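Chains A and B supply the protein sequences, listed in that same order.
Take the position in the first sequence, starting the count at 1, then add 12; the result is the number in my numbering.
Take the position in the second sequence, starting the count at 1, then add 12; the result is the number in my numbering.
Glycine included, every Cβ here is placed at the ideal spot set by N, Cα and C.
Model, not experiment: these values are computed from the prediction.
I have placed the structure first, in the form of structure tokens, so that the comments after it can refer back to it.
Protein chains: 2
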Amino acid sequence: MRVVITGGGGFLGQMLARALIARVGLSIGSHANPGLTELVLLDQSRPSSRIDDDRVSYATGDVCDSALLDRVLAPGADAVFHLAAVVSAGAEADFDLGMRVNVDGTRAVLEACRRQTQPPRLVFTSSVAAFGGELPEVVNDSTAATPQSSYGTQKVIGELLAADYTRKGFVDGRSVRLPTIVVRPGKPNRAASGFMSGIFREPLNGQSAVCPVPPDTEMWILSPERAVDALIHAMELPAAAWGWNRTLNAPGITVSVADALDALERIAGRDTAARVRVERDPEIERIVLGWPAKFVTERAERLGFGADSGIEEIIRAHMRTLDR
Amino acid sequence: MRVVITGGGGFLGQMLARALIARVGLSIGSHANPGLTELVLLDQSRPSSRIDDDRVSYATGDVCDSALLDRVLAPGADAVFHLAAVVSAGAEADFDLGMRVNVDGTRAVLEACRRQTQPPRLVFTSSVAAFGGELPEVVNDSTAATPQSSYGTQKVIGELLAADYTRKGFVDGRSVRLPTIVVRPGKPNRAASGFMSGIFREPLNGQSAVCPVPPDTEMWILSPERAVDALIHAMELPAAAWGWNRTLNAPGITVSVADALDALERIAGRDTAARVRVERDPEIERIVLGWPAKFVTERAERLGFGADSGIEEIIRAHMRTLDR
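Shown next as structure tokens:
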């Protein structure tokens, strides 16, 4: 089985790659569970750390480059994970860049899939940012997508295109709206929700962190490990399980910043938790407070998607990665 | 007040142009109700009949042509009605043409608006085709857009873009999801719902007509006169009335094909109604039966949008146009 990950140099792409390699088998449709034979990681630049496995190769370039995409997908990709994106605060700061990468890039990937002899499965990473404006108290599977950020708008456009390309038989698309991923490792990125990782990551690393939103702010979150599970599960599910509706709200958990800091204190001590200070940022607040924090994800649960048991599990999972 | 209509050569564009000319005043924001001073009709070819009014001018070309759009919008369009589109069965038959005109064309119009010194009001004609799949019995203002046609997908993408361009301050956008327009005059077009006009238009003209769907098929319809009213009202409403939600389901009425033919018989006689025969077309049926026919349009009614009183009013209005 041949798999392509766009944004394969990013943290989630790298985690997904390692998870795919670790899997004994990968199931896809009527294929006889052949396992992973080839994995191509496409990104705008080479990742600093390489994965030591001879099934893995790297491709570098622009996700809008059709010729590059054709080279990467041929001969015959079975599955494409489309993760490449300009994140929320980035797309808000540079509207044109967001449109180019998040809309034109997704179109280029869909068109490259369409040019394949056998349309591959495509897993598109969408986001809780699909929702905004005046929302019901709890978002459910039939809540309308009303994004209030350019990132959210561009992600919903990607979902719509993936669904229509699927309906036309050009690709076998599956869009997963991921909660905010916590704890992201590494340096802060331009995601407006990035602080929700920083308030764990930095204190556990002996550094101070800023929380730009009030402590009673609730977030809808998922650990990177569970997010990777969700993406692989989305790919492995048979097309019939998805049916006509190719977009799904992934499960997550609702956690307030205050509860998160309490959990950090319980696990890592008062001094660690005290490294976080609140310094409100109106722009971040506007984006993040516009996202819903409470979901009922019946369809995802029925289809076998899962979430973390609670914030402590998420913190402990992150701490285990630090021990490696 | 300077107004631009894309698709200004089409039937709805022409009707809208005549309605704008007939209006004594047009209100827009804080402007002192200056009335119409200039009206530019943009289309891919010149309309066969010209409107005899020295405020009206014509522009011919591709809606994706940025230089053309800049010429048409400058100097300072106050309002743009974006009607240019590839219709439903057309976008289904030629996917790439639909994407080019309905997505890229809308983006080009939004970008041209963004380049103006003063962002114009933009009225975007969306459609009931925004809805599809497994729908609630009655669609309401919070029903999620889940299009099941390329046309519907492309229209929802246009709504999302217009909303985000509005949020960014690039334009003052308003998207109106119009019901199926009945009775369209002139020749049949490639709209999958075109038969719903044909079953009145052709018999009243002494010709036979084909109904490609079962007689119990219900449709959500609006007369062209009311549709034009809705577009002008959408433009005239102050931005505050729209608020954060720039997309609206316009009111309409629910009519079954059988009820429509009964009404035709009552008004025009048995011989006229007998000119319609049912000859089912699976492709048209698939598209049309996927659209919802029952709506509650509370928000539109609260904002002052209106619908026809019933199918008889619609038939009689069409017959009056034949007498002219």
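Beta carbon proximity, residue i to chain A, threshold 9 Å
i	result
isoleucine 296 of chain B	no
glutamine 26 of chain B	no
valine 168 of chain B	yes
arginine 179 of chain B	yes
serine 107 of chain B	Inspection of the sequence shows that residue 107 of chain B is occupied by phenylalanine rather than by serine. Output row for phenylalanine 107 of chain B: interface = yes.
asparagine 261 of chain B	no
tryptophan 232 of chain B	no
leucine 172 of chain B	yes
alanine 145 of chain B	Just to set this straight, residue 145 of chain B is glycine in the shown sequence, not alanine. Cβ-Cβ to chain A under 9 Å: yes for glycine 145 of chain B.
threonine 18 of chain B	no
Reduced DSSP secondary structure (H/G/I, E/B, other) of residue i
i	result
valine 188 of chain B	strand
serine 100 of chain B	helix
threonine 155 of chain B	strand
methionine 231 of chain B	strand
cysteine 125 of chain A	helix
arginine 14 of chain A	strand
aspartate 106 of chain B	coil
arginine 133 of chain B	strand
aspartate 271 of chain A	helix
serine 57 of chain A	coil
threonine 259 of chain B	strand
arginine 212 of chain A	Reading off the sequence, residue 212 of chain A comes out as phenylalanine, not arginine. If DSSP states are grouped into helix, strand and coil, phenylalanine 212 of chain A belongs with the helices.
valine 75 of chain B	coil
valine 150 of chain A	coil
Selected residue, minimal CA-CA separation from residue i, among the options
i	options	result
valine 98 of chain A	A/Gly20, A/Ala239, A/Ile233 and A/Tyr163	A/Tyr163
valine 288 of chain B	B/Asn217, B/Leu315 and B/Glu313	B/Asn217
glutamate 310 of chain A	A/Val115, A/Arg332, A/Ser154 and A/Ala34	A/Ser154
isoleucine 326 of chain A	A/Val222, A/Pro197, A/Leu134 and A/Gly117	A/Pro197
leucine 315 of chain A	A/Ser69, A/Ala252, A/Thr137 and A/Glu324	A/Ala252
alanine 204 of chain B	B/Gly88, B/Cys223 and B/Glu171	B/Cys223
aspartate 256 of chain B	B/Ala175, B/Thr192 and B/Pro227	Note on residue identity: the sequence assigns tryptophan, not aspartate, to residue 256 of chain B. Checked all of B/Ala175, B/Thr192 and B/Pro227; the closest Cα to tryptophan 256 of chain B is B/Ala175.
isoleucine 169 of chain B	A/Arg133, A/Val121 and A/Asp116	A/Asp116
isoleucine 323 of chain B	B/Arg298, B/Ala312, B/Arg238 and B/Leu260	B/Arg238
proline 236 of chain B	B/Ala91, B/Asp65, B/Arg328 and B/Leu54	B/Arg328
arginine 135 of chain A	A/Met247, A/Arg62, A/Leu38 and A/Gly21	The amino acid occupying residue 135 of chain A in the given sequence is valine; arginine does not appear at that position. Among A/Met247, A/Arg62, A/Leu38 and A/Gly21, the Cα nearest to that of valine 135 of chain A is on A/Met247.
arginine 258 of chain B	B/Tyr177, B/Gly37, B/Gly145 and B/Ala89	B/Tyr177
serine 57 of chain B	B/Gly185, B/Ala89, B/Ala71 and B/Gly47	B/Ala71
proline 59 of chain B	B/Gly19, B/Thr49 and B/Ile299	B/Gly19
glutamate 295 of chain A	A/Asn261, A/Val188, A/Gln160 and A/Leu172	A/Gln160
leucine 80 of chain A	A/Ala312, A/Asp65, A/Gly37 and A/Leu53	A/Leu53
serine 321 of chain A	A/Leu234, A/Ala280, A/Arg332 and A/Glu291	A/Leu234
leucine 260 of chain B	B/Pro132, B/Phe143 and B/His330	B/Phe143
isoleucine 279 of chain B	B/Pro250, B/Gln166, B/Phe317 and B/Arg332	B/Arg332
Residue i Cβ short of 8 Å to the ligand NAD heavy atom set
i	result
glycine 218 of chain B	This structure lacks the ligand NAD; in fact it carries no ligand of any kind.
7 Å Cβ shell around residue i - same chain, five flanking residues per side excluded
i	result
alanine 285 of chain B	Pro215, Leu273, Leu276 and Glu277
leucine 28 of chain B	Ile17, Phe93, Val240 and Leu243
proline 131 of chain A	Cys125, Gly181, Phe182, Val183 and Asp184
alanine 270 of chain B	Pro227 and Asp228
Residues near residue i by beta carbon distance below 6 Å, same chain, minus five either side
i	result
arginine 213 of chain A	Val195
proline 200 of chain A	Gly206 and Gly210
valine 113 of chain A	Val98
glycine 102 of chain B	Arg202
C-beta neighbour in chain B for residue i, strict 9 Å
i	result
threonine 165 of chain A	yes
threonine 158 of chain A	yes
proline 148 of chain A	yes
alanine 275 of chain A	no
alanine 175 of chain A	yes
leucine 32 of chain A	no
tryptophan 254 of chain A	no
asparagine 257 of chain A	yes
Residue i: first and last residue of the uninterrupted beta strand (DSSP E) it sits in
i	result
threonine 266 of chain B	265-268
glutamate 237 of chain B	Not the beta strand (DSSP E): glutamate 237 of chain B falls in the alpha helix (DSSP H), residues 236-248.
alanine 312 of chain B	Careful: alanine 312 of chain B lies outside any beta strand (DSSP E), inside the alpha helix (DSSP H) at 310-314.
alanine 91 of chain B	91-94
arginine 289 of chain A	288-290
valine 222 of chain B	221-223
Same chain, Cβ closer than 8 Å to residue i, neighbours up to 5 away in sequence not counted
i	result
lysine 306 of chain A	Glu149, Val150, Val151, Glu230, Trp232 and Thr266
leucine 147 of chain B	Thr155, Thr158 and Pro304
Delimiting residues of the alpha helix (DSSP H) encompassing residue i
i	result
serine 69 of chain B	Careful: serine 69 of chain B lies outside any alpha helix (DSSP H), inside the beta strand (DSSP E) at 68-72.
threonine 49 of chain B	No alpha helix (DSSP H) contains threonine 49 of chain B, which DSSP labels as neither H nor E.
tryptophan 303 of chain A	No alpha helix (DSSP H) holds tryptophan 303 of chain A; DSSP gives it neither H nor E.
isoleucine 323 of chain B	323-335
methionine 111 of chain B	Looking at the DSSP string, methionine 111 of chain B is not in any alpha helix (DSSP H), and its letter there is neither H nor E.
arginine 179 of chain B	162-179
Partner residues on chain C for residue i, Cβ-Cβ distance less than 9 Å
i	result
serine 162 of chain B	Among the protein chains of the structure shown, namely A and B, there is no chain C.
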